[in-house]
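A.B. asks:
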Amino acid sequence: MKKSILFICISFLMYACTEGNNASDATESPQIQAEKQPFAIAIHGGAGTIYKENISDSMELAYKTVLEQSVRKGYKILEDGGTSLDAVEACIRILEDSPLFNAGKGAVFTSNGTNELDASIMEGKTKNAGGVAGVTTVKNPITLARAVMEQSEHVMLAREGAEDFAKHVGVTLVDPEHFYTESRMKALERAQQRENSLETSFYDPYAKEDKFGTVGCVALDKEGNIAAGTSTGGMNNKRWGRIGDSPIIGAGTYANNNTCAISATGWGEYFIRGVIAYDIAAMMEYSNLSLHSAAQRVIHKKLPEMGGDGGIIGIDQKGNIAMVFNTPGMFRASIDTTGTLSIKLYGEDQ
Ligand code: ASP
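Structure, rendered in structure tokens:
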């Protein structure tokens, strides 16, 4: 009898303690929650000559709507306990499916009037990575990049081989017509007219007004793992199988739990030569710089000194977010560790 009374008392005490904890969880401020298991996400939709006066109110709303839809989707995945890798892929798929961005559906045209897409993804915990370059029939190149990482023993596949692999693993293929958009065709025509009007053979591969739209995402999940991904149609009027930084690990995309996850956008040749995404991580690792200081130094000093321009988004394991660019604007959105949403297009608040 005594034993069962003792058992009931102990059980009651244990129940009371558990309830007490739950109650305090429910009343904790978002800041306290964030300190316990921070998670956060950031996306970009390309950097370039983005000025308010050049974008109509309806276009501004259209960009902001898709950016918000994408970042909220990723945040929900993280909130529900999903991985940063899942969040990165899901956010980028939404941007790839929109005709507004230079990735997937809205990709720019090559000089031959075709679309050749590049993408890469990397996870910070394992430092596994996957990339694809020059694919023409893959609806969501970021998903194929993830398949390369998870279902092949390789890091990077290109062109027909990558498309064969896509068939092999069942990644959705579409007719190349899927990627036709009138606005990108007009941009190609403008670039080719400019090219033809030049007396010399000088070729301006990256004319200012057609210079944005690559997409990317970085995320931190509740397990403390970070990931990054980038997807692009590359440069308008590109030729000869040109491949930029976006599918190249270390240049356009990088992730390492010990430092940061980075997705870049800008003049790809310079991002490759400067190994920009990895350079930011290396500054954090070897010089103990914060994510923000490292990104500032690379984007505002090293990159322009080389002659390059563009920007990055980055996240570290504490959920600090950096969105740094040396162009007039960068389409970007984030939801930070306190759950605060931010969507911006122009040069404010870097
Ligand atoms: N970095 C991309 C490339 O060079 C283009 C961009 O981000 O706008 O292919």
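Throughout, the working numbering is defined as the position within the sequence shown, counted from one, plus 5. Note that the Cβ used here is the ideal one computed from N, Cα and C, for glycine as well. Just so we're clear, the structure is a prediction, and the values are computed from it rather than from any experiment.
With 16 as the cutoff for other CB atoms within 10 Å, does H173 come out buried or exposed?
C.D. replies: When all chains shown are included, H173 counts as exposed.
A.B. asks: Would DSSP call A31 helix, strand or coil?
C.D. replies: With a pLDDT of 42 at A31, under the threshold of 50, the modelled position of that residue is not reliable, and no figure is offered here.
A.B. asks: Comparing alpha-carbon positions, which option in M190, V143, D180 and I48 lies nearest D169?
C.D. replies: Nearest option by C-alpha distance: V143.
A.B. asks: Between N325 and R77, what straight-line distance do the alpha-carbon atoms span, to the nearest angstrom?
C.D. replies: Approximately 18 angstroms, taken between the alpha carbons.
A.B. asks: Between which residues of its own chain and T115 is the CB-CB distance below 6 angstroms, once the five residues before and five after are set aside?
C.D. replies: E121 and K243.
A.B. asks: Tell me whether N107 counts as near the ligand ASP, meaning its Cβ is closer than 7 angstroms to at least one heavy atom of that ligand.
C.D. replies: At least one heavy atom of the ligand ASP is nearer than 7 angstroms to the Cβ of N107, so yes.
A.B. asks: Let me know the secondary structure DSSP gives G218 once reduced to three states.
C.D. replies: Note: G218 maps to coil in three-state DSSP.
A.B. asks: Does S292 pass the burial test, meaning 16 or more other C-beta atoms within 10 Å, or should it be called exposed?
C.D. replies: Exposed, by the Cβ-count rule.
A.B. asks: Indicate the three-state DSSP secondary structure (helix, strand or coil) for A150 in the structure shown.
C.D. replies: Helix at A150.
A.B. asks: Kindly indicate which residue of I320, A95 and M328 has the alpha-carbon position closest to the one of H305.
C.D. replies: Nearest option by C-alpha distance: M328.
A.B. asks: Hey, is S251 close to the ligand ASP, as in C-beta under 7 angstroms from one of its heavy atoms?
C.D. replies: The answer is yes for S251.
A.B. asks: Say the cut is 7 angstroms; is the CB of F170 nearer than that to a heavy atom of the ligand ASP?
C.D. replies: The answer is no for F170.
A.B. asks: When the Cα atoms are used, what is the spatial distance from E290 to G118?
C.D. replies: The alpha-carbon atoms of E290 and G118 are separated by roughly 43 angstroms.
A.B. asks: In whole angstroms, what separates the C-alpha of A171 from that of L162?
C.D. replies: Cα to Cα, the separation comes out at about 10 angstroms.
A.B. asks: Measure the CB-CB distance between Y275 and G255 and report whether it falls below 8 angstroms.
C.D. replies: No, the Cβ-Cβ distance between Y275 and G255 is not below 8 angstroms.
A.B. asks: Taking just the CA atoms, how far does G234 sit from P333?
C.D. replies: C-alpha separation (whole angstroms): 23 angstroms.
A.B. asks: When you compare each of F336, K349, A47 and T345 to L105 by their alpha carbons, which one comes out closest?
C.D. replies: Per the Cα distances, F336.
A.B. asks: Here's the rule I'm using: 16 or more other beta-carbon atoms within 10 Å means buried, otherwise exposed. How should G182 be labelled?
C.D. replies: For the record, residue 182 in the displayed sequence is Glu; it is not Gly. That one is exposed.
A.B. asks: Relative to the ligand ASP, is the shortest distance from any of its heavy atoms to the C-beta of M311 smaller than 7 angstroms?
C.D. replies: M311 Cβ: outside cutoff for every heavy atom of the ligand ASP.
A.B. asks: Mind checking L346: buried by the 16 CB within 10 Å criterion, or exposed?
C.D. replies: Exposed: under 16 other Cβ atoms inside 10 Å.
A.B. asks: Have a look at the DSSP bridge pairing and note the partners of M328.
C.D. replies: Paired residues: I318.
A.B. asks: Tell me the start and end of each unbroken beta strand (DSSP E) in the stretch 87 to 159 that is at least 3 residues and wholly inside, in chain order.
C.D. replies: If we require 3 residues or more, the beta strand (DSSP E) runs fully inside the stretch 87 to 159 come out as 122 to 128 and 134 to 140.
A.B. asks: Helix, strand or coil for I60 per DSSP?
C.D. replies: Coil, per DSSP.
A.B. asks: If I'm right that S363 touches A269 with Cβ under 8 angstroms, what's the distance once you round it to whole angstroms?
C.D. replies: The first residue shown for the chain is 6 and the last is 355, placing residue 363 beyond what the model contains.
A.B. asks: Strictly by DSSP, which residues pair up with Y259?
C.D. replies: Note: Y259 sits in a beta bridge opposite I267.
A.B. asks: For a test of the three-state rule: what should DSSP assign to M240, helix, strand or coil?
C.D. replies: In the structure shown, M240 sits in coil (DSSP, three-state: anything other than H, G, I, E or B).
A.B. asks: Classify M127: buried if its beta carbon has 16 or more other beta carbons within 10 angstroms, exposed otherwise.
C.D. replies: Buried.
A.B. asks: The beta strand (DSSP E) that contains G366, what's its start and end?
C.D. replies: The first residue shown for the chain is 6 and the last is 355, placing residue 366 beyond what the model contains.
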